[in-house]
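Student: Numbered continuously in the UniProt record's numbering, the sequence shown closes out at residue 192. A virtual CB, placed ideally from N, CA and C, is assigned to each residue, including glycine. Supplied in structure tokens, the structure appears directly below.
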Amino acid sequence: MPLSENKSCTENNSCKNCKKLSRKIDNLQETINDLVKTVQQNSEAIMSAFAEIKVVTTKLVRQETSISTATNDFPISSEIMLQNMEEKITCDNRDIYVSTMSKLWRNCVGKNIENILDSKVIMDYNVDGTHGKRSLRKYKNFYKALIENIETLGEKMRNSYYARQCNYAKRSNSERILKIKRSSWSQQNILM
1 MPLSENKSCT ENNSCKNCKK LSRKIDNLQE TINDLVKTVQ QNSEAIMSAF AEIKVVTTKL
61 VRQETSISTA TNDFPISSEI MLQNMEEKIT CDNRDIYVST MSKLWRNCVG KNIENILDSK
121 VIMDYNVDGT HGKRSLRKYK NFYKALIENI ETLGEKMRNS YYARQCNYAK RSNSERILKI
181 KRSSWSQQNI LM
């Protein structure tokens, strides 16, 4: 029966249908209020997440810029560059240099140490400064960053460094022997 045809509804304004309708409207209003609160909370959470994403993105951009700037400091080819690197590496930026060295290692210390240290530095220095060579441990900040990198790769600094020195020694020794042979050949050719 339509609402307009119900005489008691217009007279009393308290029929069963009106009460049901009123309860349903109240329930809908509560549901709408709950949904509005939920939307507001979700909006705040989304805005907070966007703010965090912006902060993290900014940090990553700065770090990437710092890493690319730090990459320009390698390979170290002299004692002066080693001293400068020692002064550059601080507690605040140590992670940047560790990350930079990690990228330069390319997961293999022995083969890629030249990306960090030039062959001249490798031949003039060793870890402890023994056998007439200078010590890398003297440069504490640089050495700690270097060691942290190598330990994460699972290799020992001493072994990798020594293997590279042996390769350079063999190479330079082979070149020296070749020069001697060439000079003796040229002397033999002159005599003939």
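Which residues mark the beginning and the end of the alpha helix (DSSP H) in which K120 is found?
Tutor: Unbroken alpha helix (DSSP H) run through K120: 119–124.
Student: Hey, could you find the ends of the alpha helix (DSSP H) D95 is sitting in?
Tutor: Note, D95: alpha helix (DSSP H), 94–105.
Student: What is the DSSP secondary structure of I116, counted as helix, strand or coil?
Tutor: DSSP places I116 in coil when its eight states are reduced to three.
Student: Give me the Cβ distance between D118 and P75, rounded to the nearest whole Å; I'm assuming they're in contact under 8 Å.
Tutor: That pair is a contact at about 5 Å.
Student: Within 10 angstroms of its Cβ, does T58 collect 16 or more other Cβ (buried), or is it exposed?
Tutor: By the 10 Å Cβ count, T58 comes out exposed.
Student: Please state whether DSSP places S48 in a helix, a strand or coil.
Tutor: Looking at S48 - three-state DSSP - the assignment turns out to be helix.
Student: Could you have a look at D135 and say whether DSSP puts it in helix, strand or coil?
Tutor: Strictly speaking, residue 135 in this sequence is Ser, with Asp absent from that position. In this structure, S135 counts as strand in the three-state DSSP scheme.
Student: Excluding the 5 residues flanking I116 on each side, which residues of the same chain have their C-beta closer than 8 Å to its C-beta?
Tutor: Same-chain partners within the cutoff: F74, P75, I76, M101, L104, W105, L146.
Student: Is I76 helix, strand or coil by DSSP?
Tutor: I76 falls in the strand class under three-state DSSP.
Student: Exposed or buried, what is R47 when buried is set at 16 or more other beta-carbons lying within 10 Å of its beta-carbon?
Tutor: According to the sequence provided, residue 47 is Met. The question's Arg does not apply to it. Exposed: under 16 other Cβ atoms inside 10 Å.
Student: I'd like to check one pair, I96 with N141: are the Cβ atoms closer than 8 Å?
Tutor: No, the Cβ-Cβ distance between N141 and I96 is not below 8 Å.
Student: Cα-Cα, which of C91, S99, A45 is closest to A70?
Tutor: Answer by Cα proximity: S99.
Student: Answer with buried or exposed for I80, where buried requires no fewer than 16 other C-beta atoms within 10 angstroms of its C-beta.
Tutor: The residue is exposed, with fewer than 16 neighbouring Cβ atoms inside 10 Å.
Student: Quick one: grab the DSSP three-state call for D34.
Tutor: The answer is helix: DSSP assigns D34 an H, G or I state.
Student: Roughly how many angstroms separate the alpha carbons of V121 and Q83, rounded to a whole number?
Tutor: Using only the alpha carbons, I get a separation of about 12 Å.
Student: Under the three-state reduction of DSSP, which class applies to V39: helix, strand or coil?
Tutor: The answer is helix: DSSP assigns V39 an H, G or I state.
Student: Quick one: Cα of G129 to Cα of N93, how far?
Tutor: G129 and N93: Cα-Cα distance of roughly 27 Å.
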